[in-house]
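To start, the structure itself, in structure tokens.
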Amino acid sequence: MSAALIWCPFGDAESAEAVAGQLLDERLIACANILPAIRSLYRWNGERGEGREVAVLFKTRADLLEPAVARLEALHPYDAPAISGWRCDAAGAATLGWLEADCGPLEV
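Heads up, the sequence shown is in my numbering, so the first residue is 11 and it goes up one at a time.
What follows is the structure in structure tokens.
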């Protein structure tokens, strides 16, 4: 078992918290670190823009990366959210144990 991370900006804290809560409830992630204020510079539809956003770093298991990204994309309020996910090369044993226990289907 290995870990994975997902990075995604949101327009406001409320939508970030709502989506994070849904992903937690669905056990697709074990944690969401919400960074309250980032400044984004970007190109969109051929024009340069900038704005304030809320960033979220989601923590999950590597085997749940694709389902978590797909669900995040479905829940996100942006038309084309910038979602980046990657598998971690290393993680502590305690972190891996926590992800194993708190992500994925409940053992019955």
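Just so you know, even glycine gets a beta-carbon here, dropped at the ideal spot from N, CA and C.
* Are the beta-carbon atoms belonging to alanine 78 and isoleucine 39 less than 8 Å from one another? -> yes
* **Residue closest to cysteine 18, alpha-carbon to alpha-carbon, out of Asp35, Met11, Leu106 and Ala42** => Ala42
* Does the distance from the CB of leucine 33 to the CB of arginine 81 come in under 8 Å? -> yes
* Rounded distance between the beta-carbons of glycine 102 and leucine 15, thought under 8 Å -> At roughly 14 Å, the Cβ-Cβ gap does not stay under 8 Å, so leucine 15 and glycine 102 are not in contact.
* **serine 25, DSSP secondary structure in three states** => helix
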